[in-house]
Each structure stands twice: as C-alpha cells, then as structure tokens.
Amino acid sequence: MSESNLEVARQLVGAWRLISFEIRREDGALIHPFGKDATGSIIYTGNGRMTAQVLRGGRPLSAAEDQMQGTPEEIEAYYKGCVAYFGSYEVNVEEGFVIHHVEGSLYPNWEGDDQKRFFKFSGNRLQLSTPPMKWGGGEMTAVLVWERIE
C-alpha cells in the first residue's frame with residue numbers, strides 16, 4: 048500500500064460519535080429509523096479492531112430494576128432500537144470501503160459475516176454507507192455520519 052493510502056487508512060483510527068443515521072429506501076424515501084436524536088459510537092483501533100453501537104433516541108426506561116425482567120414490549124423496543132456489533136476490520140483504500148468482520152452482534156445473523164461500508168472523509172467527519180441491504184421488509188441503503196472525538 049502506498050504512503051498516501053496508508054494515511055487514508057490511518058484516518059479511520061479513533062473514536063467517533065454519531066451525527067446522523069439515515070435510511071434511503073429503494074422507493075427514494077429518506078427516513079431516520081432511530082429518530083433524528085439517535086446516538087452512537089464507532090471505534091477503530093490501530094491494530095485492526097472495531098466496535099459499533101447505534102441507539103434509537105428516547106428509548107423507554109424499563110419498569111423493572113433488573114435488565115432481565117423487562118416486559119416483552121420493553122425488550123422488543125430495546126432490540127429494535129439498537130444496532131451493536133464488534134470484530135476486526137480491514138480497509139480497501141483504492142475502492143473506498145472498509146470490511147467489518149463481525150465476531151459478535153446483537154443481531155446474531157451477522158456473527159461470522161462481513162459487513163461492507165463505503166467511507167468518505169470530510170474534515171473531522173466520516174460518512175459510512177452500506178451497500179443495498181434488507182431492512183424493515185424492503186431494500187435500503189444506510190448512511191451514517193460520524194464526528195471524530197479522539
């Protein structure tokens with residue numbers, strides 16, 4: 048990899064906070080599936096590890112003091128309001144994407160799978176977008192904008 052490509056790959060390393068999470072549906076509609084107040088964090092380490100979490104804004108608190116004692120409705124709201132996974136990653140600078148090799152995920156179907164994300168940098172911001180994928184019964188592309196915090 049050339050020195051300029053290494054520099055681009057190094058730009059990814061750090062901690063990022065979520066600025067926006069949008070879904071672009073196949074019919075052209077633009078939605079904010081976790082609300083405009085969604086929160087999240089993605090971290091890329093220099094030794095090839097990553098973790099990502101995105102949460103719906105305003106999730107309801109559980110009536111129970113015990114995380115394992117929520118009602119079925121509460122548990123459904125938590126699950127449907129969160130994307131979380133971790134693993135290793137590799138960068139393809141020439142084609143502008145990063146592959147997340149998922150080791151563990153809230154959504155177990157992603158475990159052992161690779162998640163491709165196209166990246167763009169603009170100042171202290173990072174945009175990650177998915178290839179078309181299934182979500183909510185249709186096909187869509189997710190676009191997440193992150194701001195560097197470390």
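Numbers given in this note's numbering equal positions in the sequence shown, counted from 1, plus 47. C-beta: ideal position from N, C-alpha, C; glycine also. Given the structure is predicted, the values throughout are model-derived calculations rather than measurements.
Rounded to whole angstroms, the Cβ separation of Leu153 and Tyr136 is 18 angstroms, and the two are not in contact under 8 angstroms. The straight-line gap separating the alpha-carbon atoms of Ala124 and Pro155 is approximately 17 angstroms. Distance from Ile89 to Trp193 at the Cβ level is roughly 6 angstroms; contact confirmed, criterion being Cβ atoms closer than 8 angstroms.
Just measuring C-alpha positions, the residue of Leu53, Val55 and Leu59 sitting nearest Arg195 is Leu59. Remark: C-beta atoms of Phe144 and Lys163 approach each other more closely than 7 angstroms.
Taken in chain order, the whole alpha helix (DSSP H) runs of length 4 or more contained in the stretch 117 to 169 are 119 to 127. Here DSSP, grouped into helix, strand and coil, assigns Ala99 to strand.
Following the DSSP letters along the chain, one finds Gly93 in no beta strand (DSSP E), marked with neither H nor E. In this structure, the straight-line span from the alpha carbon of Ser169 to that of Leu77 is close to 22 angstroms.
A Cβ-Cβ distance of about 6 angstroms is found for the pair Arg71 and Val190, placing them in contact under the 8 angstroms criterion.
Gly128 is not a Cβ neighbour of Arg96, given a cutoff of 7 angstroms.
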